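Order-wise, the sequence lines are chains A and B. Per this note's numbering, the very first residue in the first sequence carries number 5; after that it's consecutive. Per this note's numbering, the very first residue in the second sequence carries number 14; after that it's consecutive. Each residue gets a CB set at the ideal place from its N, CA and C atoms; glycine is no exception. Here the structure is a predicted model, which is why all the values come from computation and not from measurement.
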Amino acid sequence: MSLRSVVIVGASLAGLAAAHRLRDLAFDGTITIVGEEESPPYQRPPLSKQFLTGDWERPRLDLRIQRQDFDWRLGARATGLNVAERRVTLASGEHVPFDGLVIATGARARAPAGFAGRNGAYTLRTVEDASAIRDRIARGARKAVVVGAGFIGCEVASSLRKLGCDVTVVEMDRLPLLRVLGERLGEVCRTLHEAHGVKLELGIGVDGFAGSDAIEGVRLSDGRVIEAEIVIAGIGVTPNVGWLEDSGLDLQNGVLCDATGMAAENIVAAGDVARWDHPRYGPVRIEHWDSAIGQGEAAAATLISGRERAAAFDMTSFFWSDQYENKMQLVGMPQSPDELRVVEGALDERRFVAVFLRGGRVTGAFLYNSMHRVIAYKAMVDSNAHLEAKTA
Amino acid sequence: MKVVVDMKACMSNALCMMAAPEVFEVREDGMLYILNETPPEELRAKVVEAVRLCPTQAITIEG
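Laid out in structure tokens, this is it:
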């Protein structure tokens, strides 16, 4: 069947990348982009960094739209998908028919129980979230608690310190970023945040929140209450698949796709919402910037080429994080490494590179203020290079 | 094709270097250097990729 109309649900980085790629591939049918938010697509990484600190203002977040020939449906929430009839239903009740569909609805921030809706309680996912936190600090809030020491939590802590807040980070694990980076690098992050005056409450859960309408503190599982005027929760995301519930697609932790991004005939998914059957990592949801672009582009190519000729998408995972004046990059997916080896510099230096090894082979690399080495280490991860055992 | 980088916007995240190492290089000092401001046409696809990947949208192509 020839493709005359493509509907992209999700006015996101992945959705926009798919739209651009469709035109690059000479698709000249209609491209309709449906977005729940009123704004055209924007960059989310700065929301915890440059935008939160006020170094950047709103216009700089807008993603470049290179074409005039997209049909935008912003402020329109998709509520249903009928695969057999090939149509998306919007909250208005309108049905939007398609020949090809790109699902790029992203994910939303999870919130702890009893958190949402309180004055001073925030998650950080949208520009409205980030603006609200900024406003609150501009109006004098200084006592901040960050729940969760993943990358978002760590970046928020860094930005709030820059704004002069007192910051406490509460994390269930023993160390920040433990599950992603492991013990030794988690320790590096702990030291970094402590050196910048962040108080860390590690290995402890959150039991609830003090205050009524307005949040006044965070109650820890040992009964202590940390006073707070603002609390920001960075405890992970949930893929936005609610609107697909009756579609028949496999929605367990995201829309399941094959290695080419296909979820069903002429239906592809990309970005945070997609659980992609990655050739090396297996079915995995990757929430990174460049994979959203890469998946959006690959999904577009899959729609155009059709199932038989579609190519597997085998991109090495890449991620960066800026905290204080430091730049961290993670290449690859370490996936239960049996060794972390420091190959340049040392963990207590301002600059180092550490590689994750499994059976002597490089599965990932963590670069700390070492961006200039990224190509070399990406090549090692790409080729799953074998590293000789360390000679003492 | 001329490559223009807004150095005030650049955060040296090195995604451009990964896309087009012939044109972009982040060095040990953490700064981005443009190796060739007028790269040959056969590098266009790579440079376009760098433009799209740049997380601060600091890169533009003229011509």
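With DSSP collapsed to three states, give me the class of residue 30(B). Along the second sequence, read from residue 1 onward, the residue named residue 30(B) stands at position 17. Correct three-state label for residue 30(B): helix.
Could you name the residues of chain A that residue 52(B) contacts, counting a contact when the two beta carbons are closer than 7 Å? In the second sequence, counting from the first residue as 1, residue 52(B) sits at position 39. Near residue 52(B) there are no residues of chain A at all, since even the closest Cβ is about 17 Å away, more than 7 Å.
Neighbour-count burial assignment, residue 374(A), 16 or more Cβ in a 10 Å radius: The residue labelled residue 374(A) in the question sits at position 370 within the first sequence. Counting Cβ neighbours within 10 Å, residue 374(A) comes out buried, since at least 16 surround it.
Could you run through the stretch 92-111 of chain A and flag, in chain order, every residue whose CB is less than 9 Å away from some CB of chain B? none
Determine whether the Cβ of residue 60(B) lies closer than 8 Å to any Cβ atom of chain A. As a first step, residue 60(B) is located in the second sequence; it is residue number 47 there, counting from the start. Taking Cβ atoms only, chain A never reaches closer than 8 Å to residue 60(B), which makes this a no.
What are the partner residues of residue 73(B), as DSSP defines its beta bridges? Taking the second sequence and counting its residues from 1, the one referred to as residue 73(B) is at position 60. 17(B).
Sequence-distant residues of the same chain with beta carbon closer than 8 Å to residue 396(A), five excluded per side: Taking the first residue of the first sequence as position 1, residue 396(A) is located at position 392. Note that residue 396(A) has pLDDT 47, beneath the 50 cutoff, so the model's placement of it is unreliable and no number is given.
What are the boundary residues of the beta strand (DSSP E) that includes residue 9(A)? Counted from its first residue, the first sequence places residue 9(A) at position 5. Segment 9-13, the beta strand (DSSP E) holding residue 9(A).
What residues from chain A crowd round residue 55(B), counting only those whose CB sits closer than 8 Å? If you number the second sequence from 1, residue 55(B) lands on position 42. In chain order: nothing, as chain A lies at least about 17 Å away.
Between the Cα of residue 397(A) and those of 256(A), 145(A), 313(A), spot the shortest distance and give me the residue it belongs to. In the structure as shown, chain A begins at 5 and stops at 396. Residue 397(A) is therefore absent and cannot be evaluated.
So that I know if they touch, is there some Cβ in chain B lying closer than 8 Å to that of residue 297(A)? Mapped onto the first sequence, residue 297(A) falls at position 293. Yes, its Cβ sits closer than 8 Å to a Cβ of chain B.
So, for residue 170(A): in the same chain, excluding its five sequence neighbours on each side, which residues have a beta-carbon less than 7 Å away from its beta-carbon? As a working note, residue 170(A) is residue 166 in the first sequence. Around residue 170(A): 146, 147, 148.
Should residue 126(A) go down as buried or exposed, given a rule of 16 or more other Cβ atoms within 10 Å for buried? Working through the first sequence from its first residue, we reach residue 126(A) at position 122. That one is buried.
Where in the stretch 190-262 of chain A do unbroken runs of the beta strand (DSSP E), each at least 3 residues long, occur, reported from the N-terminal end onward? Taking only runs of at least 3 residues, the beta strand (DSSP E) segments lying wholly in the stretch 190-262 of chain A are 203-206, 210-215, 219-224, 229-231, 234-237, 241-243, 259-261.
Are the beta-carbon atoms of residue 10(A) and residue 109(A) separated by less than 8 Å? For the purposes of this step, residue 10(A) is taken as residue 6 along the first sequence, with counting starting at 1. For the purposes of this step, residue 109(A) is taken as residue 105 along the first sequence, with counting starting at 1. Not closer than 8 Å, so no.
For chain A, find out if any of its Cβ atoms is closer than 8 Å to the Cβ of residue 35(B); answer yes or no. What you label residue 35(B) is simply residue 22 of the second sequence in a count that begins at 1. So no, residue 35(B) is outside the interface.
Would you mind reading off the limits of the beta strand (DSSP E) that contains residue 81(A)? Locating residue 81(A) in the first sequence gives position 77, where the first residue counts as 1. From DSSP, residue 81(A) is part of no beta strand (DSSP E); its letter is neither H nor E.
For the stretch 17-85 of chain A, which segments carrying the alpha helix (DSSP H) assignment without a break, of at least 4 residues, lie completely within its bounds, in sequence order? 17-28, 54-57
Pick helix, strand or coil for residue 50(B), following the three-state DSSP scheme. Within the second sequence, residue 50(B) is the residue found at index 37, counting from 1. Residue state, collapsed to three classes: coil.
With DSSP as the reference, label residue 58(B) as helix, strand or coil. By one-based count along the second sequence, residue 58(B) stands at place 45. DSSP places residue 58(B) in helix when its eight states are reduced to three.
Sort out for me which residues DSSP pairs residue 325(A) with in a bridge. By 1-based counting over the first sequence, the position of residue 325(A) is 321. Per DSSP, 332(A).
Could you tell me whether the Cβ atoms of residue 274(A) and residue 303(A) are closer together than 8 Å? As a position in the first sequence, residue 274(A) is number 270, starting the count at 1. As a position in the first sequence, residue 303(A) is number 299, starting the count at 1. Against a cut-off of 8 Å, the Cβ pair of residue 303(A) and residue 274(A) comes out as a contact.
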